[in-house]
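Just so you know, we're using our numbering here: the sequence shown kicks off at 4 and counts up by one.
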Amino acid sequence: MASNQIPVPPLLHECEYIDCPLWDEGGEADEIRRCAVCKYQHYCSQSCQKQDWKKHKFACSPLTIDQEKAFLIPDENELRVLTDMMVRWEDAYRFSKKASWNVSVMPESQELLGLNIPSGSSYRLLPADQASRPFRLPLILICRRFLSEMLHPLTDEARKILGDYVTICGHNPPSPYSKVYGPKIMWKPADVSTEEYNCWMAIAPIVASQDYKVCQFLEWTDRWRALASCRVLLWDEDNVR
4 MASNQIPVPP
14 LLHECEYIDC
24 PLWDEGGEAD
34 EIRRCAVCKY
44 QHYCSQSCQK
54 QDWKKHKFAC
64 SPLTIDQEKA
74 FLIPDENELR
84 VLTDMMVRWE
94 DAYRFSKKAS
104 WNVSVMPESQ
114 ELLGLNIPSG
124 SSYRLLPADQ
134 ASRPFRLPLI
144 LICRRFLSEM
154 LHPLTDEARK
164 ILGDYVTICG
174 HNPPSPYSKV
184 YGPKIMWKPA
194 DVSTEEYNCW
204 MAIAPIVASQ
214 DYKVCQFLEW
224 TDRWRALASC
234 RVLLWDEDNV
244 R
């Protein structure tokens, strides 16, 4: 991308604050304002925007591309270690799962909490409720490495096609996920918010399994499937045994 600014998403014409009073009243907003940072969340009033911030702040990141942060420096060793971690976790879960079993007690799950991820030192954001949901940050850091490595070699054409597909998949996700804007993921995969990574983990197996003609990700499908499964089972775990 020639510019350091990702194109602004299209303007919506409704408030996206889930408790906006207009939803119950059936009224229409006099004007729609965007979040000043991400330009992707829309509100009918300053009041709705202020009340939504306690949630939206975890899903908000700017459209500006900081070239020093946009991609991680490729690291085959870290990628190998994290891939091995996910493969072992998925295998352990597959062969050990029980109906009343707490997956967080699995040794491979506990290993995640102490996993050394050197590239994580450059990521300063914390997910919501990190103190009581300790698996969230390591999952995000693994996702960040996978995503940066997968997208790093793509051409501009491939980024455009894939970015459009990601926007379609991530534009209207079910609660509690936040929206994902495809071009932002394509151009700054190492520098987005914790909730953008969270949503990406949910849609990644679908995105990676498609044939886009200009790019394919067959070697990534197993990684994303394992990480998505791990996210489903551990994201909300409190590690209390």
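Note that beta-carbon positions come from the ideal geometry of N, C-alpha and C, so glycine has one too.
This structure is a prediction, so every number in the text was calculated from the model and none was measured.
Residues sharing a beta bridge with residue i, DSSP
i, result
"H45", "R37"
"T158", "According to DSSP, which records beta bridges pairwise, T158 is partnered with nothing at all."
"Q8", "T67"
Span of the alpha helix (DSSP H) around residue i
i, result
"R127", "First-last for R127: undefined, no H or E at that position."
"D241", "Counting along the chain, D241 falls outside any alpha helix (DSSP H), and DSSP gives it neither H nor E."
"Y96", "79-99"
"Y200", "197-211"
"L115", "110-116"
"I188", "185-190"
Through-space distance from residue j to residue i, alpha-carbon basis
i, j, result
"E152", "D214", "18 angstroms"
"L142", "D78", "18 angstroms"
"P12", "Y184", "8 angstroms"
"E198", "F98", "30 angstroms"
"S122", "Q54", "34 angstroms"
"L85", "I145", "7 angstroms"
"N201", "C18", "23 angstroms"
"P24", "P177", "20 angstroms"
"L128", "A62", "11 angstroms"
Counted within 10 angstroms of its Cβ, other Cβ atoms place residue i as buried (16 or more) or exposed
i, result
"F245", "Coverage of the chain is limited to positions 4 through 244, which leaves residue 245 absent and any answer about it impossible."
"W227", "buried"
"S50", "exposed"
"T158", "exposed"
"I76", "exposed"
"I171", "exposed"
"D239", "exposed"
"V195", "buried"
Proximity winner among the options, relative to residue i (alpha-carbon distances)
i, options, result
"D33", "D27, C47, P24", "C47"
"L66", "W238, M189, G117, A131", "M189"
"R83", "K57, I120, F74", "I120"
"K58", "Y180, Q219, V195, T170", "Y180"
"N7", "W56, D22, I68, V40", "I68"
"R139", "R36, L236, W223", "L236"
"K191", "M89, A73, P24, G173", "A73"
"L221", "S232, P208, S125", "P208"
"S232", "D167, M89, L128, I21", "M89"
"P137", "L116, H155, S125, P156", "L116"
Interface flag, residue i vs chain B, CB-CB below 8 angstroms
i, result
"A193", "Among the chains of the structure shown, chain B does not appear; only one protein chain is present."
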